[in-house]
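Below is one structure, written out as structure tokens, with a few remarks after it.
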Amino acid sequence: MLRKSSLVVFSLAILLPLSVAAQQVDIANLRKSVDLLSGVLEEGLRINESPGLFGISLGQVSGVYLLKQGVVVEISSPLANGRNRLNLDALTYSIQDLQSRGSNVFMIQRTVPVPQVMPFSIDPAVGRDAVAESYRALLERINDTDYSALINSALRQANQSLRSLQDLGEIDEQRLQQLRDEADQLRSALQVRQQELQTLVQSLIQRAADANTQTEGVNDEFQGALESLTASMTELRDTAAAKAEELRALHDAARQRQAEAWTAEVVVFENEMYTLLCDYGASLRDLPESEFLTVVLTGLGASDTGAAESRRPDKIHVLSKTDLLRCQSGAIDPAELMQTASVYSY
């Protein structure tokens, strides 16, 4: 009996180190297999073909083995940087909208209040209230003609759209300069109209002071000049608003076009990835049959509705070793391999 127990203990003493050694060999082999697959994906997906500033790589592929779970490969591709640019553009426009809230192109308060105290003396014996009211009515009409704030707001919005179009690479230098020149012409015309309005106000005050109680002649004399200025300012306001709306529409269309192009690039990227996994996924032969290959595409996941634009979910692909081997043997093709995978954004 004692001899039998001794044999059992001796056998366990021999087998246990062998088991541990075997496990170490498996992990070591898995590390080599993971490194090999990571290298194949990095080269096949051309992760490093678009170096950034100073030659710094814009992407990388790294893998790790998690005991009893499987292999996790994380792919950081330049495609994520494309989304960053779109998100930055959206953030910039959001900030602009917040700044413009309450200052809509067609809803901006007057910039010059109508004075309540007359800047000249009026004979108290001769209808002070009537003269004052007539004076204020004329200034009200002139002030209603001053669309400076409206025009400046529209020009700011137009300039923001121009900068965004340039950042998105959706406008050439010639067209950009042409639009800037048009905006400068509008600003110059606005300055001229503002000066004319100021001159009209000063003349009105001077004439009203000289006439003291006589306002009918002043009304008649300034009517033509005021109507002409009103027409000019209205045309400037409408032109600036139309230009702002045109450029905003161009920006929105460009951003939508780039977002759709980015989505199409992601689809192509994933198709190429599954082709590589079909061809080389079997290199993970040391992976236990019950475990999985998980591929994390950094920053390429679908954004939740209503989520902040700055949040960039990852896209997760989970594949079984069995399906990888089936694809490598030709039992299924890469498209069918994709269908067997569990895919979600996180």
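Sequential numbering from 2 applies to the sequence shown in this note's numbering. Backbone N, C-alpha and C define an ideal beta-carbon position, used for all residues, glycine too. Fair warning: this is a prediction, and the values are worked out from it, not measured in the lab.
- Message: Rounded to the nearest angstrom, what separates I123 and I152 at their Cα positions?
- Response: Indexing the sequence shown from 1 puts residue 123 at position 122. Indexing the sequence shown from 1 puts residue 152 at position 151. Low confidence applies here, because I123 scores a pLDDT of 40, under 50, leaving its location unreliable and the question unanswered by this model.
- Whole-number beta carbon distance between V74 and L38, since they are thought to touch under 8 Å: Working through the sequence shown from its first residue, we reach residue 38 at position 37. Working through the sequence shown from its first residue, we reach residue 74 at position 73. Their Cβ separation, rounded to whole angstroms, is 7 Å, which keeps L38 and V74 in contact under 8 Å.
- Near D27, which residues of its chain fall below 8 Å by C-beta distance, leaving aside the five closest residues on each side in sequence? By 1-based counting over the sequence shown, the position of residue 27 is 26. So the qualifying residues of the chain are D287.
- Query: Taking just the CA atoms, how far does L67 sit from S321?
  - Reply: The sequence position of residue 321 within the sequence shown is 320, counting from 1. The sequence position of residue 67 within the sequence shown is 66, counting from 1. The straight-line gap from Cα to Cα measures roughly 14 Å.
- Task: Kindly indicate the opening and closing residues of the alpha helix (DSSP H) around T323.
- Result: Here residue 323 refers to the residue found at position 322 of the sequence shown. Segment K322 to S330, the alpha helix (DSSP H) holding T323.
- Item | Spatial distance of V65 from D334 (CA atoms) | As a working mapping, residue 65 is identified with position 64 in the sequence shown. As a working mapping, residue 334 is identified with position 333 in the sequence shown. Each residue's Cα considered, the two are about 26 Å apart.
- Query: Could you give the distance in angstroms between the alpha-carbon of A308 and the alpha-carbon of A242?
  - Reply: Position 307 of the sequence shown holds residue 308. Position 241 of the sequence shown holds residue 242. Its pLDDT being 49, under 50, A308 is placed unreliably in this model, and the coordinates cannot settle the point.
- Query: Per the contact definition of three or more C-beta pairs closer than 8 Å, is the stretch 241 to 257 in contact with the stretch 156 to 172?
  - Reply: yes
- Query: Sorted by chain position, which residues of the same chain lie with C-beta nearer than 8 Å to D367's C-beta, five sequence neighbours on each side aside?
  - Reply: This structure cannot speak to residue 367, because the chain is shown only from 2 to 347.
- With a CB to CB cut of under 7 Å and the five nearest residues on each side skipped, what residues in its chain are close to R142? Position 141 of the sequence shown holds residue 142. Excluding residues within five positions, the ones whose Cβ falls inside 7 Å are L227.
- Item | Selected residue, minimal CA-CA separation from D253, among G45, R164 and N49 | Within the sequence shown, numbered from 1, the residue matching residue 253 stands at position 252. For the residues G45, R164 and N49, the minimum Cα distance to D253 belongs to R164.
- Classify Q340 as helix, strand or coil using the three-state DSSP reduction. Sequence index remark: in the sequence shown, residue 340 carries index 339 (1-based). Of the three classes helix, strand and coil, the one that applies to Q340 here is helix, per DSSP.
- Using the beta-carbon count (16 or more within 10 Å), is V268 buried or exposed? Taking the first residue of the sequence shown as position 1, residue 268 is located at position 267. Under this definition V268 is an exposed residue.
- Item | Classification of K244 by the beta-carbon crowding that lies within 10 angstroms, buried from 16 upward | As a first step, residue 244 must be located in the sequence shown, where it is residue number 243. Answer is buried; the Cβ neighbour count reaches 16.
- Item | Local conformation of Y281 per DSSP, three classes | Walking along the sequence shown from the start, residue 281 turns up at place 280. In the structure shown, Y281 sits in a helix (DSSP, three-state: H, G or I).
- Query: With 16 other CB atoms within 10 Å as the buried threshold, where does R181 fall?
  - Reply: Residue mapping note: residue 181 aligns to position 180 of the sequence shown, counting from 1. Under this definition R181 is an exposed residue.
- Query: With C-beta atoms as the reference, is Y275 less than 7 Å away from V41?
  - Reply: Translated into the one-based positions of the sequence shown, residue 275 becomes position 274. Translated into the one-based positions of the sequence shown, residue 41 becomes position 40. No, Cβ-Cβ distance for Y275 and V41 is not below 7 Å.
- Item | Assigned exposure category for S162 - 16 Cβ within 10 Å defines buried | One-based indexing of the sequence shown puts residue 162 at position 161. Buried, since its Cβ has 16 or more Cβ neighbours within 10 Å.
- So is G170 buried or exposed if we call it buried at 16+ other beta carbons inside 10 Å? By 1-based counting over the sequence shown, the position of residue 170 is 169. Exposed, by the Cβ-count rule.
- Message: For a quick check, are the C-beta atoms of V62 and V35 less than 7 Å apart?
- Response: Within the sequence shown, numbered from 1, the residue matching residue 62 stands at position 61. Within the sequence shown, numbered from 1, the residue matching residue 35 stands at position 34. No, the Cβ-Cβ distance between V62 and V35 is not below 7 Å.
- For the alpha helix (DSSP H) holding D154, just list the boundary residues, first then last. As a first step, residue 154 is located in the sequence shown; it is residue number 153 there, counting from the start. According to the sequence provided, residue 154 is Ser. The question's Asp does not apply to it. Here the alpha helix (DSSP H) through S154 covers S149 to D168.
- Task: Please look up how many angstroms separate the CB atoms of S77 and L46, rounded, as I've assumed it's under 8 Å.
- Result: Sequence index remark: in the sequence shown, residue 77 carries index 76 (1-based). Sequence index remark: in the sequence shown, residue 46 carries index 45 (1-based). At roughly 11 Å, the Cβ-Cβ gap does not stay under 8 Å, so S77 and L46 are not in contact.
- Message: Please return the same chain residues whose Cβ sits closer than 8 Å to the Cβ of L325, not counting the five positions on each side in sequence.
- Response: Start at 1 with the first residue of the sequence shown, and residue 325 comes out as number 324. Only L278, C279, G282, A283, L285, L294 and L338 meet the Cβ criterion.
- Drop a sphere of 10 angstroms on the beta-carbon of S149, count the other beta-carbons inside from all chains shown, and report buried for 16 or more, exposed for fewer. The residue labelled residue 149 in the question sits at position 148 within the sequence shown. Under this definition S149 is a buried residue.
- Message: Tell me which residues share the same chain as T231 and place their Cβ nearer than 6 Å to its Cβ, disregarding the 5 neighbours each side in the sequence.
- Response: Working through the sequence shown from its first residue, we reach residue 231 at position 230. Excluding positions up to five away in sequence, the list reads T146.
- Tell me G64's beta-bridge partners as DSSP assigns them. For the purposes of this step, residue 64 is identified with residue 63 of the sequence shown, where counting begins at 1. G64 pairs with V74.
- Task: Flag M274 as yes if its beta-carbon sits less than 7 Å from any beta-carbon of chain D, otherwise no.
- Result: The structure shown contains no chain D, having only a single protein chain.
- Message: Residues in the same chain with beta-carbon distance under 6 Å from E43, minus the five sequence neighbours each way, listed in chain order, please.
- Response: The count along the sequence shown starts at 1 and reaches residue 43 at position 42. V62, listed in sequence order.
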